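**Student:** Once you've had a glance at the structure underneath, I'll fire off some questions.
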Amino acid sequence: MYFLQYVCIYPLICYSQQPYNGSRKLMADNILKNRTKESSVIHFYCSEGYALEGESSSECTSQGWTNTVPKCVMASPILTLDANNTYMPGSSIAMTCAIPAKLKPTITWTKDKTPLLATDRLEITIEPHTLVLSNVTVEDSGTYSCIAKIFGNDHVNEKRVIIESHKADCIDNKYFANCQLIVRANYCYHRYYQKFCCKSCSENEKLPKEVQVDPIGDGIRKL
Numbered sequence: 001m002y003f004l005q006y007v008c009i010y011p012l013i014c015y016s017q018q019p020y021n022g023s024r025k026l027m028a029d030n031i032l033k034n035r036t037k038e039s040s041v042i043h044f045y046c047s048e049g050y051a052l053e054g055e056s057s058s059e060c061t062s063q064g065w066t067n068t069v070p071k072c073v074m075a076s077p078i079l080t081l082d083a084n085n086t087y088m089p090g091s092s093i094a095m096t097c098a099i100p101a102k103l104k105p106t107i108t109w110t111k112d113k114t115p116l117l118a119t120d121r122l123e124i125t126i127e128p129h130t131l132v133l134s135n136v137t138v139e140d141s142g143t144y145s146c147i148a149k150i151f152g153n154d155h156v157n158e159k160r161v162i163i164e165s166h167k168a169d170c171i172d173n174k175y176f177a178n179c180q181l182i183v184r185a186n187y188c189y190h191r192y193y194q195k196f197c198c199k200s201c202s203e204n205e206k207l208p209k210e211v212q213v214d215p216i217g218d219g220i221r222k223l
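Numbers 1 to 223, taken from UniProt numbering, label the letters of the sequence shown in order.
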């Protein structure tokens with residue numbers, strides 16, 4: 001007959017990680033005795049806002065525990081792209097950075113590792129931490145990062161954003177307009193020319209927003 005032996009020792013019930021003044025804790029899901037039966041399994045988990053680094057469970061065998069005690073580390077911020085983003089030239093894209101722990105860290109944003117600051121096209125807000133980029137161009141494609149500085153350490157999450165040059169059906173119709181002339185004359189903001197010069201206008205979205213045109217006879221004038 002085979003008997004379970006008390007062969008494993010685990011003196012820890014709650015394993016505190018430092019630093020952070022004991023705010024990180026690694027806990028077992030049951031109270032452990034000084035000596036544990038063979039084949040017993042314990043599971044580890046961390047306090048809210050922290051991620052487990054290492055194996056989440058350990059089994060008592062005749063050779064001792066199968067895994068070492070894991071650690072708790074600060075969880076990375078959660079970077080979410082807005083589901084309504086279209087990623088087309090001229091549109092707006094939005095992203096949100098959330099911190100899983102009940103902390104108020106300093107949040108910074110970067111694009112391709114270059115810090116981002118608010119501009120007439122770029123809006124950055126806090127509580128919640130959001131970034132909104134308006135009137136995007138192909139040049140706005142890149143890797144956007146949310147960096148949370150907590151207790152002197154940086155915790156980063158990033159997303160790759162690709163702005164497509166134009167839709168598959170966004171083409172120029174050379175029979176109805178001279179699209180190179182339309183672009184040079186800043187007429188892309190008129191719906192008529194957007195329709196027939198879609199590709200050229202989409203690839204040149206840095207045109208001033210206030211420019212609009214209206215066809216008069218065989219000519220064009222600014223409104």
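Cβ atoms here follow ideal geometry from the backbone N, Cα and C, with glycine treated the same way. Quantities reported herein were computed from a predicted structural model and do not represent experimental measurements.
If you follow the beta strand (DSSP E) that VAL132 is in, where does it begin and where does it stop?
**Tutor:** For this step, residue 132 is matched to residue 132 along the sequence shown. VAL132 -> beta strand (DSSP E) spans 129-133.
**Student:** Between which two residues does the alpha helix (DSSP H) harbouring TYR50 extend?
**Tutor:** Position 50 of the sequence shown, counted from the start, is the residue given in the question as residue 50. Not the alpha helix (DSSP H): TYR50 falls in the beta strand (DSSP E), residues 50-53.
**Student:** Using only alpha-carbon positions, find the residue among ASN157, SER40, SER58 that is nearest to LYS113.
**Tutor:** As a first step, residue 113 must be located in the sequence shown, where it is residue number 113. Ranking the options by Cα distance to LYS113, first place goes to ASN157.
**Student:** Given that a residue counts as buried once 16 or more other Cβ atoms are within 10 Å of its Cβ, and exposed if not, what is VAL41?
**Tutor:** Counted from its first residue, the sequence shown places residue 41 at position 41. VAL41 should be labelled exposed.
**Student:** Counting beta carbon pairs with one atom in the segment 127-147 and one in the segment 57-67, are three or more of them shorter than 8 Å?
**Tutor:** The segment 57-67, when compared against the segment 127-147, does not touch it at the 8 Å Cβ threshold.
**Student:** Can you name, in chain order, every residue of its own chain whose Cβ lies under 6 Å from the Cβ of LEU122, other than the five neighbours on each side?
**Tutor:** Counting from 1 along the sequence shown, the entry for residue 122 is found at position 122. Same-chain partners within the cutoff: LEU133.
**Student:** For a quick check, are the C-beta atoms of THR110 and LEU116 less than 8 Å apart?
**Tutor:** To locate residue 110, count along the sequence shown from 1; it is residue 110. To locate residue 116, count along the sequence shown from 1; it is residue 116. Yes, the Cβ-Cβ distance between THR110 and LEU116 is below 8 Å.
**Student:** Let me make sure I understand the geometry here. Which of PRO128, PRO70, GLU48 has the alpha-carbon closest to that of SER57?
**Tutor:** On the sequence shown, residue 57 is found 57 positions in, with the first residue counted as 1. Comparing Cα-Cα distances from SER57 to each of PRO128, PRO70, GLU48, the minimum goes to PRO70.
**Student:** Where are the beta strand (DSSP E) runs, 3 residues long or more, that stay fully inside the segment 81-105, in chain order?
**Tutor:** List check, beta strand (DSSP E) in window: 93-98.
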